[in-house]
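So the structure is just underneath, and the comments pick up after that.
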Amino acid sequence: MYHLARGLYNNLTRREEYSVLILGLDNAGKTTLLEQLSQRYSHKARQQNKGKDPGFANLKDVDTIPTIGQNMCRIEFNKVWLKFWDLGGQESLRTLWDGYFNDAHAVVFVVDSTDTARIEECREELHKIISTEVMVSTPVLMLANKQDRDDCMEVEDIKEIFNKIAENMSARDSRVLPISAIDGTGVEDASEWLVSRIVRNKKYKPPNLV
Amino acid sequence: MAKQSPVLAPKRLFLQIIALQASYYAVGLLLISFALFVAGVPWGLHYILSWTDVTANTSLGWLLTVLWLLDAMFSVLAIVLIVGRSKLATDFALTLHLINLIVVTVYSHSFPTSWLWWVLQVLSSLLTVYAGVWASQWRELRKTFFEDYELVDLEAQNS
Ligand SMILES: Nc1nc2c(ncn2[C@@H]2O[C@H](COP(=O)(O)OP(=O)(O)OP(=O)(O)O)[C@@H](O)[C@H]2O)c(=O)[nH]1
Ligand SMILES: [Mg+2]
């Protein structure tokens, strides 16, 4: 009876959770985006600004160092729990990415819109990700980051570059959206899109129960 | 990444509890009916579902006590067959007696006050807990022993 009660209790308190990978070249702003998400939508942040608008966390003064291992944060958005994994984007670290593919319900691919020189490298990396077998039915959100800077590329240009790969992504959900991870512009819309696609894809990639 | 933690399926546990309880009363019914028949006492459901007959004042009360203890031994077997896991055996054995307390209280419309009935419950609980854990462990060991044996056998065949 003790085990029965405990089992019932666990069933009642379990919640569905989806894993999202944040990938992209080094210096793209992945860790900054993760910080932005956690300051807005993490459980702790929500309790701190109860009822109030989360507002725009400005992370200009937040120092990030290149990620070597992984950062993780849990957020709740539109009643859906997401677990974000931020991995290192340096070339030597990219080989570690595919170890996370199996459990990913969605991929957020962050692009530094000011880094015109490496846009082709971005395209190649993204192509590698989406041509992986296990990623076939995974929604992919491309974020043109650093839109607060004057020297950034237009979203339309970035779209054009990525739409070329998006075309061979068949029926997969994919989208290019502009954001600024530092001041938080566009992060809400990006989260909105991400959650809607993940939920829509639930049948093919069921959530984890935690 | 986080994998689903193994939670015992409540539905399965619930069905196992029901099955164990049912087998306890089924065996009790058989044993007691047979004893009543041999002793020439008219049959009645209260011999199985009431605590009032398990009393130290009558020889039938002592006979029922012995029969219920015998039934407890069958329950050890049932725990091994239905549950089969030593980690759960204590829980199931105690649950069996707790539900029985509720059943006899409801059937007799009164809380058991016969000391012999309580002594019987304590003895029966101890018996099912200890023998249940021991027997389940024994079976688990034997199972892994045979699995290992089969593995070795397979490896021998492959090489
Ligand atoms: N102006 C501006 N700078 C940004 C923005 N997002 C990130 N940065 C800056 O870009 C630099 C790199 O950001 P990180 O978040 O550390 O980059 P990363 O993608 O995590 O890099 P790795 O961990 O090495 O893969 C930092 O100096 C950030 O302040 C943005 O939206 N606008
Ligand atoms: Mg980083």
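Sequence lines, in order, name chains S and P.
Its first residue numbered 0, the first sequence is counted upward by one per residue in numbering that gives the first Met the number 0.
Its first residue numbered 0, the second sequence is counted upward by one per residue in numbering that gives the first Met the number 0.
Glycine included, C-beta positions come from ideal geometry on N, C-alpha and C.
(message) Closest to I47/P by C-alpha separation, out of A134/P, S58/P, K86/P and L35/P, would be which residue?
(response) Walking along the second sequence from the start, residue 47/P turns up at place 48. Among A134/P, S58/P, K86/P and L35/P, the Cα nearest to that of I47/P belongs to L35/P.
(message) Does any residue of chain P have a CB that is nearer than 8 Å to the CB of G87/S?
(response) Position 88 of the first sequence, counted from the first residue, corresponds to residue 87/S. Closer than 8 Å: no.
(request) Would you list the one or two residues that DSSP bridges to E16/S? (result) Mapped onto the first sequence, residue 16/S falls at position 17. Beta bridge pairing from DSSP links E16/S with W80/S and N207/S.
(message) I want to know whether the stretch 69-86 of chain S touches the stretch 27-35 of chain S - three or more CB-CB distances under 8 Å.
(response) Counting C-beta pairs closer than 8 Å gives three or more between the stretch 69-86 of chain S and the stretch 27-35 of chain S, which meets the contact rule.
(request) Measure the alpha-carbon distance for R138/P versus T131/S and round it to whole angstroms. (result) Looking up residue 138/P in the second sequence gives position 139. Looking up residue 131/S in the first sequence gives position 132. Each residue's Cα considered, the two are about 46 Å apart.
(request) Out of V209/S, S91/S and I197/S, state which residue places its alpha-carbon closest to the alpha-carbon of G23/S. (result) Start at 1 with the first residue of the first sequence, and residue 23/S comes out as number 24. The shortest C-alpha separation from G23/S is found at S91/S.
(request) For the beta strand (DSSP E) containing D111/S, list its first residue and its last residue. (result) Position 112 of the first sequence holds residue 111/S. Following the DSSP letters along the chain, one finds D111/S inside the beta strand (DSSP E) bounded by residues A105 to D111.
(message) When you compare the stretch 150-162 of chain S with the stretch 98-118 of chain S, are there three or more beta-carbon pairs, one atom per stretch, that lie closer than 8 Å?
(response) Three or more beta-carbon pairs drawn from the stretch 150-162 of chain S and the stretch 98-118 of chain S are found closer than 8 Å, and the two stretches are therefore classed as touching.
(request) Determine, using beta-carbon pairs with one atom in the stretch 92-99 of chain P and one in the stretch 7-24 of chain P, whether at least three such pairs fall under 8 Å. (result) Touching, yes, given that three or more Cβ pairs across the two stretches are closer than 8 Å.
(message) Counting C-beta neighbours from all protein chains within 10 Å, is the total for K10/P 16 or more, i.e. buried, or is it exposed?
(response) Here residue 10/P is taken as the residue at index 11 of the second sequence, counted from 1. So K10/P counts as exposed.
(message) Please classify R39/S as buried or exposed, where buried requires at least 16 neighbouring CB atoms within 10 angstroms.
(response) Here residue 39/S is taken as the residue at index 40 of the first sequence, counted from 1. The residue is buried, with at least 16 neighbouring Cβ atoms inside 10 Å.
(request) State the CB to CB distance for the pair L142/S and F108/S, rounded to an integer number of angstroms; the pair is presumed to be in contact (CB under 8 Å). (result) Numbered from 1 along the first sequence, position 143 holds the residue referred to as residue 142/S. Numbered from 1 along the first sequence, position 109 holds the residue referred to as residue 108/S. Contact between L142/S and F108/S holds, since their C-beta atoms are separated by about 7 Å, short of 8 Å.
(request) Give the interface partners of Y1/S over in chain P, defined as CB-CB distance under 7 Å, in chain order. (result) Against the first sequence, residue 1/S aligns to sequence position 2. Near Y1/S (Cβ distances below 7 Å), the residues of chain P are D90.
(message) Assuming N144/S is part of the alpha helix (DSSP H), what are its boundary residues?
(response) Working through the first sequence from its first residue, we reach residue 144/S at position 145. Under the DSSP assignment, N144/S falls outside any alpha helix (DSSP H), being part of the beta strand (DSSP E) whose first and last residues are V139 to N144.
(request) Excluding the 5 residues preceding and the 5 following L115/P in the sequence, name in chain order all residues of the same chain whose CB lies nearer than 7 Å to its CB. (result) In the second sequence, the residue the question calls residue 115/P occupies position 116. Residues of the same chain with a CB within less than 7 Å of the CB of L115/P, apart from the 5 flanking positions on each side, are V53, T54, A55, G60 and T64 in chain order.
(message) Excluding the 5 residues flanking T113/S on each side, which residues of the same chain have their C-beta closer than 8 Å to its C-beta?
(response) Within the first sequence, residue 113/S is the residue found at index 114, counting from 1. K145, R148, D150, C151 and M152.
(request) Please list the partners that F13/P has in chain S, where partner means a Cβ-to-Cβ separation under 7 Å. (result) Against the second sequence, residue 13/P aligns to sequence position 14. Simply L3.
(request) Decide if the stretch 72-88 of chain P is in contact with the stretch 191-208 of chain S; the criterion is three or more beta carbon pairs, one per stretch, under 8 Å apart. (result) Contact fails between the stretch 72-88 of chain P and the stretch 191-208 of chain S, because fewer than three Cβ pairs, one in each stretch, are under 8 Å apart.
(request) Would you please verify whether the beta carbon of N200/S is less than 8 Å from any beta carbon of chain P? (result) Counted from its first residue, the first sequence places residue 200/S at position 201. Nearest CB-CB separation between N200/S and chain P: not below the 8 Å threshold.
(message) Checking 8 Å against the spacing of the C-beta atoms, do G131/P and A88/P come in under that value?
(response) Start at 1 with the first residue of the second sequence, and residue 131/P comes out as number 132. Start at 1 with the first residue of the second sequence, and residue 88/P comes out as number 89. With a cutoff of 8 Å on beta-carbon distance, G131/P and A88/P are scored as near each other.
(request) Decide if Y17/S is buried, meaning its Cβ has at least 16 other Cβ atoms within 10 Å, or exposed. (result) Along the first sequence, one-based indexing puts residue 17/S at 18. Counting C-beta atoms within 10 angstroms of its own C-beta, Y17/S has 16 or more neighbours from the protein chains shown and is therefore classed as buried.
(request) Go to P177/S, then tell me how far its beta strand (DSSP E) extends in each direction, as first and last residue. (result) Stepping through the first sequence from its first residue, residue 177/S is reached at position 178. That run of the beta strand (DSSP E) goes S173 to P177.
(message) I'd like to know if the stretch 181-197 of chain S and the stretch 70-81 of chain S are in contact, where contact means that at least 3 CB-CB pairs between them fall below 8 Å.
(response) The answer is yes - the stretch 70-81 of chain S touches the stretch 181-197 of chain S, with three or more Cβ pairs under 8 Å.
(request) Within its chain, find whatever has a CB closer than 7 Å to the CB of L95/S; leave out the 5 residues flanking it on each side and keep chain order. (result) Working through the first sequence from its first residue, we reach residue 95/S at position 96. Cβ neighbours of L95/S beyond the five flanking positions: L86.
(message) DSSP three-state label for H42/S, please.
(response) Translated into the one-based positions of the first sequence, residue 42/S becomes position 43. H42/S falls in the helix class under three-state DSSP.
(message) According to DSSP, simplified to helix, strand and coil, what is G27/P?
(response) Locating residue 27/P in the second sequence gives position 28, where the first residue counts as 1. Under the three-state reduction of DSSP output, G27/P falls in the helix class.
(message) Please tell me whether R122/S and I164/S are closer than 8 Å, where the distance is taken between their beta carbons.
(response) The residue you call residue 122/S lines up with position 123 of the first sequence. The residue you call residue 164/S lines up with position 165 of the first sequence. Pairing R122/S with I164/S gives a Cβ-Cβ distance under 8 Å.
(request) Examine ligand 3 and report whether any of its heavy atoms sits within less than 7 Å of the Cβ of N57/S. (result) Ligand 3 is absent from the structure shown, which contains only ligand 1 and ligand 2.
(message) So V19/S and H104/S are supposed to be a Cβ contact under 8 Å. How far apart are they, rounded?
(response) For the purposes of this step, residue 19/S is taken as residue 20 along the first sequence, with counting starting at 1. For the purposes of this step, residue 104/S is taken as residue 105 along the first sequence, with counting starting at 1. About 6 Å; that satisfies the 8 Å criterion.
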